[in-house]
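Residue numbers (full-length UniProt numbering): 1 to 319.
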């Protein structure tokens, strides 16, 4: 009996035209008809807002410093409301380096913090410049030698800014009479919602409390009630007194006897400038501590000199 054999399998049939086969990338017929009637058109870009046009056109020739500020104040180049930003903003002005200012935040900063500087667009490599590189940038822009690193003596005096910083944080973020100032500085420019503003203010106060507690070697979760206020402001007063004494020893009236105000002067001005502008009131102790330091208004006169040197044009406008 002949054995039955299965017929060989037939080869799979393929369409005559490979392009006619259905594909994942094939546009469905109804959509294809729609695109045939209404083809995609690339529209011209909308013009930038007026404020952005001003900044963009000027930034072809000037660098832009991004700082904590309101839009209106930044457009006029007014002093920042943040001590670190004010320090570098003041130092750039003391060296007569022209620049624009623009409001920003740490979250929007490519370096993770403010301030940062963007060179003019015409620069070959316009990458963001962090504040740590500002001294080198100033040196290049003014053709002056790069300042030497701080001496151990200067480092010791630099540490005196810490108790001043802690007292400043407590005054602005944790003292109820200064809640309106905190809102003006950091909240009003971020949101107009009362609910979101309240949440943001609570977050800022909590972060400031944790920062102060950590620097005082206390547990960050202890809460502001764990802060010894008498000791906090006493240490700030002692630091200001030491700084006033150091200034009295200088033959030039600038720290460490320099012929021109330097980074140390600008760093202290970042705090003293804001204290004298916004916290020289009975509700705040800091203004009184600055006035009392040295016993003869030493720091107040120094503050006035810096203000005239760096911010004289705004001083004239206010008169």
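Ideal Cβ positions, reconstructed from N, Cα and C, are used throughout, including at glycine.
Predicted, not measured: the structure shown is a model, and the values here were computed from it.
Boundaries of the alpha helix (DSSP H) in which residue 286 is found, first to last residue | 285-292
Option in 76, 83 and 91 with minimal Cα separation from residue 275 | 83
Counting Cβ pairs, one atom from each stretch, are 3 or more of them under 8 Å apart for the segment 95-106 and the segment 63-75?
-> yes
Tell me whether the beta-carbon of residue 248 lies closer than 7 Å to the beta-carbon of residue 298.
-> yes
Would you report the Cα separation of residue 229 and residue 154, rounded to the nearest angstrom?
-> 28 Å
For residue 137, which beta-bridge partners are listed by DSSP?
-> Paired residue(s): none; residue 137 is not in a bridge.
Give me whichever residues DSSP pairs with residue 102 in a beta bridge.
-> 66
Evaluate the contact criterion for the segment 183-196 versus the segment 86-95: three or more CB pairs, one atom per stretch, below 8 Å.
-> no
Within this structure, are the beta carbons of residue 169 and residue 178 separated by less than 7 Å?
-> no
Which class does residue 51 belong to by DSSP, given the choice of helix, strand or coil?
-> Any answer about residue 51 is weak, because its pLDDT of 46 lies below 50 and its placement is not dependable; what the coordinates show is given next. Residue state, collapsed to three classes: helix.
Are there 16 or more other CB atoms within 10 angstroms of the CB of residue 307, so buried, or fewer, so exposed?
-> buried
Secondary structure at residue 306, three-state DSSP: helix, strand or coil?
-> helix
Which of helix, strand or coil DSSP assigns to residue 129 | strand
Close beta carbons around residue 97, own chain, < 6 Å, minus the five adjacent residues each side | 141
Buried/exposed call for residue 101, threshold 16 Cβ in 10 Å = buried
Note down, in chain order, each residue of its chain lying with its Cβ closer than 6 Å to the Cβ of residue 50, except the 5 sequence neighbours on either side.
-> Bear in mind that the predicted position of residue 50 carries a pLDDT of just 47, short of 50, making it unreliable; the figure below should be weighed with that in mind. Result list for residue 50: empty, nothing under 6 Å.
Where does the unbroken beta strand (DSSP E) through residue 116 begin, and where does it stop?
-> 116-118
Cα-Cα separation between residue 86 and residue 270, rounded to whole angstroms | 5 Å
For residue 244, I'd like the list of residues in its chain whose CB is within less than 7 Å of its CB, leaving aside the five on either flank, ordered along the chain.
-> 293, 294, 298 and 299
In chain order, what residues of the same chain lie with their CB nearer than 8 Å to the CB of residue 311, ignoring the 5 residues before and after it?
-> 79, 90 and 93
Integer Cβ distance of residue 222 from residue 174, believed to fall under 8 Å | Actually they do not touch by this definition, with Cβ atoms about 13 Å apart.
For residue 285, which residues from the same chain have a beta carbon less than 6 Å from its beta carbon, with the 5 sequence-adjacent residues on both sides left out?
-> 233
Mark residue 313 as exposed unless 16 or more other C-beta atoms lie within 10 angstroms of its C-beta, in which case mark it buried.
-> exposed
Sequence-distant residues of the same chain with beta carbon closer than 7 Å to residue 205, five excluded per side = 173 and 174
Drop a sphere of 10 angstroms on the beta-carbon of residue 112, count the other beta-carbons inside from all chains shown, and report buried for 16 or more, exposed for fewer.
-> exposed
Quick one: which unbroken alpha helix (DSSP H) runs of 4-plus residues sit fully inside the UniProt domain "Metaxin glutathione S-transferase" (236-285)? Chain order, please.
-> 263-278
Residue 136 versus 211, 283, 128 and 147, residue with shortest Cα-Cα distance = 147
Which of the three DSSP states, helix, strand or coil, is assigned to residue 144?
-> coil
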